[in-house]
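Structure first, then comments.
In full-length UniProt numbering, the protein residues as written are 1 to 368.
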């Protein structure tokens, strides 16, 4: 494919405070999440703007590829705007239902997009942000990247395709990340396969310059790969999860979360004791119900297609506001801000296996 002269083209977006910016430069569509004060947390309006723009560019012969990024220096995207979902449920509105349906459709669009997508994952990439980037062909992290699916901390489960991409990380690392909600940095993101390239954040502006100067003599994907190969690396030394992999694979393969915590508490080996104790302490702050449902969801997700994983997550969503711990988690974090959620049950000892299983009743894993 040969380059043709092309001047920058700014797309017209909804006037929702310009929360999504769109511009075409040198045959590349640039999409920027533009809520830096809110760590670029995505709203339903933003989901709809992103979907419309991606649909338009999919058939635009002037656009060869898409670059996705977040505005500001702190975050690519810190997840969904959970306060708006809380308000919707409490007021009897349907926004919280519409949000998940449309957000998952957007994530699937990115997974199946007909043109290569380059995601620049600078800063926080949490929850809904992970849903956007895990469908990209080329995922770039920096020294400021902090990746996580932290939903269990607010009484929810790792959705946006988490049942697919977490469950396919080698060993039990994905179970660990989903059940604990811990954040990881660049080296671990590369090790886990949640990112493809590392680039120092101070070189992002140089990468932009090179994108503006690219010649499209290869396929678009190959051209982007060649560019990244000149400026970025695909591995980093000293990934903490690589060192912890044997113990994580042992503890997070246990049958249930109470067993995990019990055995973590029993660790006496000096090399593992501190990590095991800290991990047990962390798990005991999370929603017991959310962790148990997450564990079951991820183990089922290993055997489901991408589409079926999203269908399973929607199946859980439709029950979760009324039966799960999300409303209480948001209350404690954002409404009353007491940071003392009253989980139901309050401890792992109170988990009811039948209740956990009931969330999966009626889901057809065959997709029929």
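Just so you know, even glycine gets a beta-carbon here, dropped at the ideal spot from N, CA and C.
| query | result |
| --- | --- |
| Less than 8 Å between the CB atoms is what I'm expecting for residue 159 and residue 313, so what's the real figure, rounded? | 4 Å |
| For residue 209, which of helix, strand or coil comes out of DSSP? | helix |
| Taking only three categories from DSSP, how would you classify residue 175? | helix |
| Checking the sheet assignment: what are the DSSP bridge partners for residue 70? | 33 |
| Is residue 225 helix, strand or coil by DSSP? | helix |
| Can the beta-carbon of residue 68 be found closer than 8 Å to that of residue 136? | yes |
| Output the distance between the C-alpha atoms of residue 176 and residue 252, rounded to the nearest integer angstrom. | 6 Å |
| Quick one, which of 332, 171, 318 and 59 has its alpha-carbon nearest residue 286's? | 332 |
| Taking the Cβ atom as the reference point for each residue, do residue 79 and residue 129 lie within a distance shorter than 8 Å? | yes |
| As an exercise, report each continuous beta strand (DSSP E) stretch of at least 3 residues that is fully enclosed by the stretch 95 to 122, in chain order. | 117 to 121 |
| Does DSSP classify residue 124 as helix, strand or coil? | strand |
| Find out if the Cβ-Cβ distance for the pair residue 183, residue 147 is shorter than 8 Å. | yes |
| For residue 40, count neighbouring C-beta atoms within 10 Å of its own C-beta (all shown protein chains included) and say buried if the count is 16 or more, exposed if not. | buried |
| With a floor of 3 residues, list each beta strand (DSSP E) that falls wholly inside the stretch 272 to 318, ordered by position along the chain. | none |
| Would you mind sorting residue 139 into buried or exposed? The rule is 16 or more other CB atoms within 10 Å of its CB. | buried |
| Mark residue 189 as exposed unless 16 or more other C-beta atoms lie within 10 angstroms of its C-beta, in which case mark it buried. | buried |
| Report buried or exposed for residue 373, applying the criterion of at least 16 other Cβ atoms within 10 angstroms of its Cβ. | Given that the chain is displayed from residue 1 to residue 368, the structure contains no residue 373 and the question cannot be resolved. |
| On the criterion of 16 or more Cβ atoms from any shown chain inside 10 Å, does residue 373 qualify as buried, or is it exposed? | Outside the shown range of the chain (1 to 368) lies residue 373, about which nothing can therefore be said. |
| Between residue 134 and residue 99, is the Cβ-Cβ spacing less than 8 Å? | no |
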